[in-house]
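In the working numbering, the protein residues as written are 6 to 205.
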């Protein structure tokens, strides 16, 4: 099947003829190429296409023959072909074993990012969280006490000034503010008691 395509330029009509055979073959036995092999094949086909565009007489098989002959014929200099393949396989296995694992690469990248300041860790302690929550409750209580006191004073001043309609309005708002203030004060005292019990 592949002999039809080795010595001549690609004919897309010939691809249509064998497309069904290829589809059945790949459906029965699918395979995936490694990323390195895919990169090599893409590079090789790109260079082959550029060479064919520059020189219509270019033939990849003819260009590869000297390299293949040098690998297969020079048995005296390099030993047998099997020995050469064994050496290459051993070197590849040693390279793979000496290569750091994904976990080691991830840890080294993480250490590097921490050293460069890209990643910052925030350390939180339970005691500081409790203290911050108490301060938050105290500030809310203080704010509620201030605005309810302000509206109460405004209502009293309006009663003295004789503007009873506005005085009632401000006194009602002050009453609601006092209720919210007392509730917030109760929450603050409960929070302080719970924190004291947790610290003991």
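Glycine included, C-beta positions come from ideal geometry on N, C-alpha and C. This structure is a prediction, so every number in the text was calculated from the model and none was measured.
Minimum Cα-Cα distance from residue 195 among the listed residues 50, 159 and 135 corresponds to 135.
Note that the segment 107–124 does not touch the segment 159–174; fewer than 3 beta-carbon pairs, one per stretch, sit closer than 8 angstroms. Sequence-distant Cβ neighbours of residue 139 in its own chain, meaning closer than 8 angstroms and more than five residues away, are 193, 196, 197 and 200. Taking the Cβ atoms as the reference, residue 182 lies roughly 11 angstroms from residue 159, outside the contact range of under 8 angstroms. Secondary structure note for residue 47: its alpha helix (DSSP H) is the uninterrupted segment 40–59. Contact annotation, residue 149 with residue 185: C-beta distance approximately 5 angstroms; criterion of less than 8 angstroms satisfied.
DSSP places residue 71 in the helix class (H, G or I) of the three-state scheme. Look at residue 141 here: in three-state DSSP terms it is helix. Residue 143 places its beta carbon 7 angstroms or farther from that of residue 157.
By the Cβ neighbour-count rule, residue 51 is exposed, with fewer than 16 other Cβ atoms within 10 Å of its own. Distance between residue 48 and residue 59, taken at the CA atoms: about 17 angstroms. Approximately 5 angstroms separates the beta-carbon atoms of residue 63 and residue 56; this is inside 8 angstroms, confirming the contact.
Classified as exposed, residue 133 has fewer than 16 neighbouring CB atoms from the shown chains inside 10 Å of its CB.
Taken through DSSP and simplified to helix, strand or coil, residue 93 comes out as helix.
With fewer than 16 other Cβ atoms from the protein chains shown falling within 10 Å of its own Cβ, residue 75 counts as exposed. Residue 146 places its beta carbon less than 7 angstroms from that of residue 189.
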